[in-house]
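Report on the following structure.
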Amino acid sequence: RATQELARVQKERQEKLNQAAVEHQEQLAQVAGQLELAEQELSRLRGERLAQMTITEMEDLEQDLKACLEATTRRKEKVTKEQLDNAAASTLCVVCQERAKTVLILPCRHMCLCQECSENQSLKACPLCRIEIESKIQAFV
1 RATQELARVQ
11 KERQEKLNQA
21 AVEHQEQLAQ
31 VAGQLELAEQ
41 ELSRLRGERL
51 AQMTITEMED
61 LEQDLKACLE
71 ATTRRKEKVT
81 KEQLDNAAAS
91 TLCVVCQERA
101 KTVLILPCRH
111 MCLCQECSEN
121 QSLKACPLCR
131 IEIESKIQAF
141 V
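Residues in the sequence shown are numbered from 1 upward in steps of one, following UniProt numbering.
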């Protein structure tokens, strides 16, 4: 009786394994098909099949490449603008965000203020690290 039960359990497990193997084979075939399509599309976008393309296919490729180039150009312009904005922001006074940083605060040595903001009598601590300001030095950059 125990051997029959063991055989039944073993048969069930084997059937589950077989089913899982079939499912994995189907998934593998699906992924292989997707890979083949992706490789064909990449080949098309690279222009590797131009000699075999019809006029319509070449026009479609041209439109796709133009759209890709436009998207790339827009992204490049956005990144360039962000970099320029960041560079400009790094040179601006942290208080007013309008004038260039020209004042060095001691003892922390942060250069984060313009001359006008540094003259504000209520400014007792460095705006960056909050250490009490002992003195300020005008830097000529």
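The beta-carbon is built from N, C-alpha and C at its ideal position, and this holds for glycine as well.
How long is the line joining the alpha carbons of residue i and residue j, rounded to whole angstroms?
{"i": "L123", "j": "D85", "result": "27 angstroms"}
{"i": "G33", "j": "T73", "result": "32 angstroms"}
{"i": "Q25", "j": "M53", "result": "34 angstroms"}
{"i": "Q83", "j": "R109", "result": "26 angstroms"}
{"i": "A67", "j": "A38", "result": "18 angstroms"}
{"i": "K27", "j": "R13", "result": "According to the sequence shown, residue 27 is Gln rather than Lys. Looking at the two C-alpha atoms, the distance is approximately 21 angstroms."}
{"i": "F140", "j": "M111", "result": "12 angstroms"}
{"i": "G47", "j": "Q40", "result": "11 angstroms"}
{"i": "E15", "j": "L35", "result": "30 angstroms"}
{"i": "N18", "j": "E5", "result": "20 angstroms"}
{"i": "E70", "j": "L50", "result": "22 angstroms"}
On the DSSP letters alone, give me the boundaries of the alpha helix (DSSP H) that residue i sits inside.
{"i": "S118", "result": "115-118"}
{"i": "S43", "result": "2-45"}
Excluding the 5 residues preceding and the 5 following residue i in the sequence, name in chain order all residues of the same chain whose CB lies nearer than 6 angstroms to its CB.
{"i": "M58", "result": "none"}
{"i": "V79", "result": "none"}
{"i": "C117", "result": "C93, V95, C96"}
{"i": "V22", "result": "none"}
Name the two residues that bound the continuous beta strand (DSSP E) containing residue i.
{"i": "L106", "result": "103-106"}
{"i": "S135", "result": "135-138"}
Kindly list the residues whose CB is nearer than 7 angstroms to the CB of residue i, restricted to its own chain and excluding five residues on each side of it in sequence; keep chain order.
{"i": "R44", "result": "L61"}
With 16 other CB atoms within 10 Å as the buried threshold, where does residue i fall?
{"i": "I55", "result": "exposed"}
{"i": "V103", "result": "buried"}
{"i": "C129", "result": "exposed"}
{"i": "S90", "result": "exposed"}
{"i": "K81", "result": "exposed"}
{"i": "K76", "result": "exposed"}
Spatial neighbours of residue i within its chain, please: C-beta separation below 8 angstroms, excluding the five flanking residues on both sides.
{"i": "T106", "result": "Note that residue 106 is Leu in the sequence shown, not Thr. These residues qualify, in order along the chain: I133, E134, S135, K136, I137."}
Among the options, whose alpha-carbon lies nearest the alpha-carbon of residue i?
{"i": "P127", "options": "Q121, L113, K11", "result": "L113"}
{"i": "L42", "options": "D64, A7, E5, E23", "result": "D64"}
Any heavy atom of the ligand ATP within a distance shorter than 8 angstroms of the CB on residue i?
{"i": "E48", "result": "Although the ligand ATP was asked about, the structure shown includes no ligands whatsoever."}
Verify the CB distance criterion: does residue i have a CB-CB separation below 9 angstroms to chain D?
{"i": "L128", "result": "Protein chain content of the structure displayed is limited to a single chain, and chain D is not contained in it."}
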